[in-house]
């Protein structure tokens, strides 16, 4: 005999599928069910690369300039927008702009919402000292409460990147380059997961 719970509505003709239940807007989605794409830049001036340093109460974090691609936005347009917002760099004054590396991030994080899967697309640029002299020295990242997290733009010899707390964690690959314009054998870098990264 069918369980009473099997009959929650009127009888349906044979072969008629049960209507899909409306998803609850408050129900959390599965981890990594959503994908966000972030464009980031490796901006070289000679042997130095631009990194954004953020000081935390118990740690220091370096990141590459860049950010989320907005809905309907072209990847190149997103990258150029982020360079203008964070470095005050007009991409038209930089050489290069080719895709260099891709990093797949699947890291859990604190909070009520399920973490998205993030694909970081890293592009390489080269600028002259004259262009660098006109760039920003600080970057202000707006927080949900309207305040700003201020980062310091630091120019660091790329060969020192392996020892830095850098995210995405491309420091070892960056430091291993024979020179800033060297070709890379594989654009896919190791994925970032809970096994090799902790959210801070």
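Numbering (the numbering used here), first residue to last: 18 to 217.
C-beta atoms are modelled at their ideal positions from N, C-alpha and C, and glycine is treated no differently.
Only a predicted model underlies this, so the values are computations on that prediction, with no experimental measurement involved.
*Any idea if residue 69 is buried or exposed, counting beta-carbon neighbours within 10 angstroms, 16 or more meaning buried?*
Buried.
*Since residue 142 and residue 92 are thought to touch, with beta carbons under 8 Å apart, how far apart are those beta carbons, to the nearest angstrom?*
Contact between residue 142 and residue 92 does not hold, since their C-beta atoms are separated by about 14 Å, which reaches or exceeds 8 Å.
_Given residue 136 as reference, the closest of 145, 194, 123 once Cα atoms are compared_ = When each option's Cα is compared against that of residue 136, the closest is 123.
*Backbone CA spacing between residue 101 and residue 108 [nearest angstrom]*: So the alpha carbons of these two residues sit roughly 8 Å apart.
_Proximity of residue 179 and residue 168 at Cβ, strictly below 8 Å_ = Cβ atoms of residue 179 and residue 168: not closer than 8 Å.
*Paired residues, beta bridge with residue 173 - DSSP*: Answer by DSSP bridge pairing, in chain order: 66.
*Specify, as a first and last residue, the run of the alpha helix (DSSP H) that residue 93 falls within.*
It spans 92-104 - the alpha helix (DSSP H) in which residue 93 sits, taken as one unbroken run.
*State the start and end residues of the unbroken beta strand (DSSP E) segment that holds residue 157.*
Per DSSP, residue 157 belongs to the beta strand (DSSP E) from 155-159.
*By DSSP, does residue 124 sit in helix, in strand, or in coil?*
Coil, per DSSP.
*Looking only at its own chain, which residues have a Cβ that is under 8 Å from the Cβ of residue 140, when we skip the five neighbours before and after it?*
Once the five neighbours on either side are set aside, the close Cβ partners of residue 140 are 56, 57, 58, 59, 96, 113, 114, 115, 116, 117.
*asked:* Can you give me the C-alpha to C-alpha distance between residue 190 and residue 181, rounded to a whole angstrom?
replied: Rounded to whole angstroms, residue 190 to residue 181 spans 12 Å at the Cα level.
*Which value, in whole angstroms, describes the spacing of the CA atoms of residue 183 and residue 73?*
Those two C-alpha atoms are separated by around 14 Å.
*Taking only the alpha-carbon atoms, compute the straight-line gap between residue 209 and residue 81 and give it to the nearest angstrom.*
Whole-angstrom Cα-Cα distance: 15 Å.
*According to the neighbour-count rule (16 or more other Cβ atoms, all chains shown, within 10 Å of its Cβ), is residue 52 buried or exposed?*
So residue 52 ends up on the exposed side.
*Compute the Euclidean distance between the alpha carbons of residue 214 and residue 128, then round it to the nearest angstrom.*
Straight through space, the alpha carbons of residue 128 and residue 214 are spaced by roughly 17 Å.
*Between residue 94 and residue 197, what straight-line distance do the alpha-carbon atoms span, to the nearest angstrom?*
Residue 94 and residue 197 have their C-alpha atoms spaced approximately 24 Å apart.
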